[in-house]
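From first to last, the protein sequence lines are chains A and B. The opening position of the first sequence corresponds to residue 1 in full-length UniProt numbering, with each subsequent residue numbered one higher. The opening position of the second sequence corresponds to residue 1 in full-length UniProt numbering, with each subsequent residue numbered one higher. The beta-carbon is built from N, C-alpha and C at its ideal position, and this holds for glycine as well. In this text, all values refer to a predicted model and were calculated from it rather than measured experimentally.
Protein chains: 2
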Amino acid sequence: MRSWVEAANAPDCEFPLNNLPYGSFRSESGEPHCGVAIGDMILDVTRMERDGLIQMEDEEEIFFYGDWTEFMTLGPAAWAAFRARVTALLDEDAPDAEKLVGYMVPMAGTEMLMPFTVAEYTDFYAGKHHASNVGTMFRGPENALPANWLSVPIGYNGRASSVVVSGTDVRRPWGQLKAPDADLPVFAPCKRFDIELEMGAIVGTSSEGPVTVAEADAMIFGYVLMNDWSARDIQAWEYQPLGPFQSKATATSISPWIVPKAALEPFRCSTPERERPLLDYLEEPGPMLYDIALEVGLAPDGKAETVISRTNYNVMYYSAAQQLAHHTTSGCPMNTGDMLGSGTISGPEKGQRGALLEMSWGGKEPVTLDTGETRSFVEDGDTLTLRGHAQGDGYRVGFGACTGKVLPALEDPYAR
Amino acid sequence: MRSWVEAANAPDCEFPLNNLPYGSFRSESGEPHCGVAIGDMILDVTRMERDGLIQMEDEEEIFFYGDWTEFMTLGPAAWAAFRARVTALLDEDAPDAEKLVGYMVPMAGTEMLMPFTVAEYTDFYAGKHHASNVGTMFRGPENALPANWLSVPIGYNGRASSVVVSGTDVRRPWGQLKAPDADLPVFAPCKRFDIELEMGAIVGTSSEGPVTVAEADAMIFGYVLMNDWSARDIQAWEYQPLGPFQSKATATSISPWIVPKAALEPFRCSTPERERPLLDYLEEPGPMLYDIALEVGLAPDGKAETVISRTNYNVMYYSAAQQLAHHTTSGCPMNTGDMLGSGTISGPEKGQRGALLEMSWGGKEPVTLDTGETRSFVEDGDTLTLRGHAQGDGYRVGFGACTGKVLPALEDPYAR
């Protein structure tokens, strides 16, 4: 599919006409506006709605606040209608392309904002290589994969208030740390600050009772890249018996663009063969995972970036639809804006791991960067960047980079 | 303090002039209105605001939606001013009591609604007797209290969407259950459905970085009774390694009335002596716990209630202010409407336990009701009721009952 926005037709452009992801950007007026990415431009949907070029059903000002949450509540038929309308407008054969030129904002230099309001945030643990690696380090090889792991899409509730958009600096946290040979913990800055390469699935429509995997898939609005910053030393001391808490509450960064599920349809693939049969409620009616190539870049302060991992979302054991279905089994109501993290995405090889904890095997085998420096965990001043795209025939569907720079811990967190 | 609302002056009335808790009720028009409880009446604050009898600063229609969240954002000075104004209006010497008579709604027969919008919900684990009892049952007596427990106010994020107001029926959930002697789990209705007697602290004002215990205490708006419904069999199978998830997501019931922190001031008491010194950031500048007598009643369907537990909030090891301070250590932003569960409140004696899991010691010692029936866990048709009050000199400050009736599990959770 070709657009009259020329940059969109380049084979390595992340935002071709096939993609049309949703973001929020600061407009000339300083207000957040909803935008759709096309090539190197952003289509200003908030201004188009204001000027009557786009109207969603009988609703008014769906895009007024520069947030896609209200749009999500309209449901799949409205999502499809909007996508068809924008696709037609941006198609190379669109009859009145010139009417749209005034609504195009160059991406370069634009500040991206949170594209939606996170209602609640759940983080899963669906990467088998990741779970095995971390389990081996935390509990030994004989207890690597928990007994329930092959049956339950293990997840825990995270903290929605800590989700930030790409580009937001992330400050190294303080917390309780206990050295293995110490009797008592200290309160100090985290020494083992880490990343987790994940995909985030965004729930578009709400549910009340349990939903099937097929229904869950229909509820999903789109996907983002996600970096779930993790304080490993805080985690190791706090996580028994009720799970990770402050170790995961500093920040979770997401890509600025939500890629619609519709744009990812050609890239569906299946979860793997099961060594243990799944319970019926988790059976998938079709392929629910996606073939999305992912990478992690690490750039020390002021220096060139090294790509420290390359993997693919297609290695996951449970899909987001399975996770969402499981999430509702208890009767838990799900709402527009809920976000589900996939769990850390690690492939089978060392160069395919999604967390420094795994890449450096708990610090024992530091990663060597192209600059010659080594990393066991992230250091102050490092910029971490996640990238991802699905590769089509002559085009790719991308998410935009998900970046975050690590700031040093506060000297005194209680100084005012 | 005496009110011209006569019922408020009875020594056993839960809603004297000293209390003035905040609730939401369905008004004659069918709309949710904000109300303040006094004696056997509700003062209709939404109508008073509409008619100009109450105005918060320059703000308009703070109470329009029948939800106290907007009011909470105004902060402690506004909370105090409002409380002083309502206290003066309801005082027995109030000069124009007759002007208020038209704003009084009888409590009897009124439907109570959620008094605020839960932003995020965190559940803690601060009852030492509870943690020891559960730890003994789940992990054996030698691992009863986790190694971190005396240092860390252990908590996990719960699911805000599952919080309901007292009076809401609670349906027994389905979930993954694995019998100890089975190889594989089944998907079936929960067989060990339980309650947890807790207090909920409601965060009134937001924070960005770490806050001290004193600052945390100032952020707290008020307290509710809380019943954190728990599926013990789902929990036992799912909780390793990332903590409780679906076992805690069916429902959490809260009392209809939020008791303002100001009303509880006379009842402050201290957390216990520490067998292990606390880290500085958890030190309390004064008494942060409250002396609140609590009880749990269980009524089988159509039968009389038995009080199955009597305990007190004053047995807790960590206060809500300590928990909130700990919650912010990582830099986690806290928001208006966040709710913090205390953890199950169990005293040292068997008759003082806050969960059936403990009362029946995992089902081995069923509780005998006054009807002659026994209970290891809650059964379909049971109504569970939490009550609580602080006892003053000739008056008491109560929360209203926190009730919920257990409905049978759906026959087929996916039937439409």
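In the DSSP assignment, the residues bridged to Val36/A are Tyr22/A and Leu43/A. The beta carbon of Pro244/A falls within 8 Å of a beta carbon belonging to chain B, placing the residue at that interface. The criterion of a C-beta distance shorter than 8 Å is not satisfied by Arg387/B and Glu265/B. Between Tyr317/A and Lys128/A a beta carbon distance of about 5 Å is seen, short of the 8 Å cut, so the two are scored as contacting.
Sequence-distant Cβ neighbours of Thr87/B in its own chain, meaning closer than 7 Å and more than five residues away, are Leu17 and Leu20. DSSP, read as helix, strand or coil, puts Lys261/B in helix. The shortest CA-to-CA distance from His130/A to any of Pro173/A, Glu358/A and Gly102/A is the one to Glu358/A.
Shown in chain order are the members of the segment 222-249 of chain A whose Cβ falls below 9 Å from a Cβ of chain B: Ala231, Ile234, Trp237, Glu238, Tyr239, Gln240, Pro241, Leu242, Gly243, Pro244, Phe245, Gln246, Ser247, Lys248 and Ala249. Between the segment 167-178 of chain B and the segment 287-294 of chain B, the count of Cβ pairs shorter than 8 Å is below three; the stretches do not touch.
Taking a C-beta cut-off of 9 Å against chain A, the contacting residues of the segment 179-192 of chain B are Leu184, Pro185, Val186, Phe187 and Cys190, listed in chain order.
It is roughly 15 Å from the alpha-carbon of Asp233/A to the alpha-carbon of Ala147/B.
Glu61/B and Arg50/B have their C-alpha atoms roughly 7 Å apart. Cα atoms of Tyr125/B and His33/A: separation of roughly 43 Å, rounded to the nearest angstrom. The beta carbon of Thr136/A lies closer than 8 Å to those of Ala144 in the same chain, with the five residues before and after it left out.
Secondary structure of Arg172/B (DSSP, three-state): coil. Annotation: Glu358/B is outside any beta strand (DSSP E); the continuous alpha helix (DSSP H) that includes it extends over Leu356 to Met359. Taking a beta-carbon distance threshold of 8 Å, Thr329/B counts as an interface residue toward chain A. The alpha-carbon of Lys191/B is positioned some 10 Å away from that of Ser376/B. The beta carbons of Ala160/A and Ala119/A sit about 7 Å from each other, so the pair counts as a contact at 8 Å. Those residues of the segment 149-178 of chain B placed with their C-beta closer than 7 Å to a C-beta in chain A are Ser151, Val152, Ile154, Gly155, Tyr156, Asn157, Gly158, Arg159, Ala160, Ser161, Ser162, Arg171, Pro173, Trp174, Gly175 and Gln176, ordered along the chain. Per DSSP, Ser309/A is one residue of the beta strand (DSSP E) stretching across Thr306 to Asn312.
Of all residues in the segment 269-298 of chain B, the ones placed with a Cβ closer than 9 Å to any Cβ belonging to chain A are Arg276, Pro277, Leu279, Asp280, Tyr281 and Leu282, in chain order.
Put simply, the CB of Met334/B is near chain A, with a gap under 8 Å to one of its CB atoms. When Cβ pairs closer than 8 Å are counted between the two stretches, the segment 302-309 of chain A is seen not to touch the segment 180-190 of chain A, the count staying below three. For Val152/B, the CB contacts under 8 Å within the same chain, skipping 5 residues up- and downstream, are His326 in chain order. The Cβ atoms of Asp67/B and Thr117/B sit closer than 8 Å to each other. In the DSSP annotation of this structure, the continuous segment of the alpha helix (DSSP H) that includes Lys128/A starts and ends at Lys128 to Arg139.
In this chain, Phe116/A is not harboured by any beta strand (DSSP E), its DSSP state being neither H nor E. The beta carbon of Glu120/B sits closer than 8 Å to some beta carbon of chain A. Distances from the CA of Leu90/B to each of Ile38/B, Arg139/B, Met107/B and Ala81/B were compared; the closest alpha carbon is that of Ile38/B. Our two residues, Tyr103/A and Leu225/A, have alpha carbons roughly 27 Å apart in a direct line. Residue range Arg232 to Glu238 is occupied by the alpha helix (DSSP H) that includes Ile234/A.
Annotation for Met1/A: no alpha helix (DSSP H) segment contains it, and DSSP assigns it neither H nor E. Considering only beta carbons, the part of the segment 122-152 of chain B lying closer than 7 Å to chain A consists of Tyr125, Pro146, Asn148, Ser151 and Val152, in chain order. DSSP, reduced to helix, strand and coil, places Gly388/A within a strand of the structure shown.
Note that the C-beta distance between Gly209/B and Gly331/B is below 8 Å.
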